[in-house]
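FYI, the numbering for the sequence shown is 0 to 262, going by numbering that gives the first Met the number 0. Each residue gets a CB set at the ideal place from its N, CA and C atoms; glycine is no exception.
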Amino acid sequence: MSPTSTTTVTTAAGRVEVTTADQGEGHPFLLLHGGAGPQSMARFADLLATSQPARVVTPTHPGFSGTPRPEGLASIKALAEVYAGLLDELDLSDVSVVGNSIGGWIAAELALLHSPRVSSVVLVDAGGLEIPEHPAPDVFTMDLNQITNLSYFNPDAFRIDLSKVPDAQKAVIAANRAALKTYGGATLCDPTLLHRLPAIGTPTLVVWGAADRMIPLGHGEAYARAIPGAQLQVIAEAGHLPQLETAEQLAGLLWSFAEGHSR
Numbered sequence: 000m001s002p003t004s005t006t007t008v009t010t011a012a013g014r015v016e017v018t019t020a021d022q023g024e025g026h027p028f029l030l031l032h033g034g035a036g037p038q039s040m041a042r043f044a045d046l047l048a049t050s051q052p053a054r055v056v057t058p059t060h061p062g063f064s065g066t067p068r069p070e071g072l073a074s075i076k077a078l079a080e081v082y083a084g085l086l087d088e089l090d091l092s093d094v095s096v097v098g099n100s101i102g103g104w105i106a107a108e109l110a111l112l113h114s115p116r117v118s119s120v121v122l123v124d125a126g127g128l129e130i131p132e133h134p135a136p137d138v139f140t141m142d143l144n145q146i147t148n149l150s151y152f153n154p155d156a157f158r159i160d161l162s163k164v165p166d167a168q169k170a171v172i173a174a175n176r177a178a179l180k181t182y183g184g185a186t187l188c189d190p191t192l193l194h195r196l197p198a199i200g201t202p203t204l205v206v207w208g209a210a211d212r213m214i215p216l217g218h219g220e221a222y223a224r225a226i227p228g229a230q231l232q233v234i235a236e237a238g239h240l241p242q243l244e245t246a247e248q249l250a251g252l253l254w255s256f257a258e259g260h261s262r
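Laid out in structure tokens, this is it:
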């Protein structure tokens with residue numbers, strides 16, 4: 000990941016220090032990572048910043064990767080307010096917001112804030128919805144191997160042997176999981192979200208990996224139905240993290256959508 004800097008954002012939760020990687024020049028993208036942490040966006044951010052002229056801002060959600068989290072910052076809605084404030088602090092406009100997993104949930108909540116700085120939103124295998132007919136597994140009862148099996152089209156290409164992971168990194172993984180639970184709750188969903196999505200007026204693209212078994216495709220279809228004018232694109236050979244498995248294909252979709260809705 001590119002060198003990071005810290006920006007102070009003032010919200011209802013108080014002053015929040017946001018660590019961000021900021022690279023490139025051109026059309027601005029805000030990349031919001033999921034429970035896998037900011038490293039799950041690092042290589043994709045590099046690709047996006049170099050494939051065409053782009054400024055790519057990748058924040059680390061406070062509490063992830065050893066960053067501090069104010070006690071009052073404890074919900075996805077609060078994180079969305081932080082990132083609306085971050086766009087103000089950075090004075091960005093015409094921003095394409097891209098979120099994966101809970102990052103997609105944050106992106107949806109950010110769209111519901113109607114920031115004039117955001118021109119398009121892309122939800123990539125986004126969490127947050129409660130869809131009883133398409134239940135998501137309980138991630139907090141699963142080990143890393145089980146999570147890997149459900150997250151990828153080709154799980155073996157991304158499998159990690161925890162016995163070879165340094166203790167310091169294991170501590171980071173545990174802290175990330177704790178932060179994830181703080182923000183998303185034990186069920187990682189908001190029963191009110193689906194009913195609030197029709198208020199989104201920002202052009203929205205929903206991207207889903209066909210092999211995602213962490214958050215089934217039915218959630219992507221529900222997002223696309225609920226958000227006025229939303230489009231759904233399914234990537235055949237991807238699971239929950241298309242930015243890792245099909246990075247170039249995802250980047251092409253993002254650029255096409257961003258250019259089509261740029262101000």
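Less than 7 Å between C-beta atoms, sequence neighbours within five positions excluded: which residues of the same chain meet that for residue i?
i, result
"Lys180", "Phe139"
"Ser118", "Asp93, Val94, Ser95, His260, Ser261, Arg262"
"Val8", "Val15, Val17, Val81, Gly84, Leu85, Glu88"
Report the partner residues of residue i according to the DSSP bridge assignment.
i, result
"Phe157", "DSSP lists no partner for Phe157."
"Val233", "Trp207"
"Pro27", "Arg54"
"Thr191", "DSSP lists no partner for Thr191."
"Asn175", "Answer is none; Asn175 lacks a bridge partner."
"Thr59", "Thr18"
"Ser92", "Its beta-bridge partners do not exist; DSSP assigns none."
Beta-carbon within less than 6 Å of residue i's beta-carbon, same chain only, minus the 5 sequence neighbours each way: which residues are those?
i, result
"Glu220", "none"
"Ala209", "Val233, Ala235"
"Asp21", "Val56"
"Thr18", "Thr3, Thr5, Thr59, Thr66"
"Ser162", "none"
"Arg68", "Pro61, Gly62"
"Leu216", "Trp207"
"Arg212", "Leu149"
"Ala178", "Gly62, Phe63"
"Pro165", "none"
Quick one, which of the options has its alpha-carbon nearest residue i's?
i, options, result
"Ile75", "Gly208, Asp93, Ala185", "Ala185"
"Pro27", "Ser92, Leu243, Ile172", "Ser92"
"Trp254", "Arg54, Ala11, Ile159", "Arg54"
"Gly84", "Glu16, Gln242, Ser162", "Glu16"
"His32", "Gly98, His239, Met141", "Gly98"
"Gly71", "Ala12, Trp207, Asp137, Ala178", "Ala12"
"Glu129", "Thr10, Val120, Trp104, Val121", "Trp104"
"Ser258", "Ala135, Ala237, Ile214, Leu204", "First, the residue type needs correcting, since residue 258 is Glu and not Ser in the sequence shown. Looking at the Cα atoms, Leu204 is the closest of the given residues."
"Leu243", "Val123, Leu109, Ala77", "Val123"
"Gln230", "Ala250, Trp207, Pro131", "Trp207"
"Cys188", "Glu108, Asp87, Val120, Leu240", "Glu108"
"Pro202", "Gln248, Pro134, Thr49, Ala106", "Ala106"
"Thr191", "Ala237, Ile199, Gly127, Ser64", "Gly127"
"Pro154", "Ser114, Thr49, Pro241", "Pro241"
"Phe256", "Val120, Arg176, Pro134, Arg195", "Val120"
"Phe152", "His239, Ile199, Thr7", "His239"
"Ser39", "Gly200, Asn175, Leu252", "Asn175"
"Pro131", "Leu252, Tyr222, His218", "His218"
"Ile199", "Ala177, Ala223, Tyr182, Ala178", "Ala223"
Pick helix, strand or coil for residue i, following the three-state DSSP scheme.
i, result
"His260", "coil"
"Gln51", "coil"
"Glu70", "coil"
"Asp21", "strand"
"Arg212", "coil"
"Thr181", "helix"
"Gly200", "coil"
"Gly251", "helix"
"Leu13", "Here residue 13 turns out to be Gly, not Leu, going by the sequence shown. If DSSP states are grouped into helix, strand and coil, Gly13 belongs with the strands."
"Ser4", "strand"
"Gly84", "helix"
"Ser39", "helix"
"Gly102", "helix"
So, at 8 Å on beta carbons, what are the nonlocal neighbours of residue i in its own chain, with the 5 sequence-adjacent residues on each side left out?
i, result
"Pro197", "Ala225, Ile226, Pro227"
"Ala246", "Arg42, Phe43, Leu46"
"Pro52", "Gly23, Glu24, Gly25, His26"
"Leu143", "Ile159, Leu161, Ile172"
"Glu80", "Thr10, Ala11, Ala12, Leu112"
"Thr147", "Pro154, Phe157, Arg158, Ile159"
Jot down the residue ranges of each uninterrupted beta strand (DSSP E) in the segment 110-169, minimum 3 residues, whole runs only, in chain order. Correct list: 117-123.
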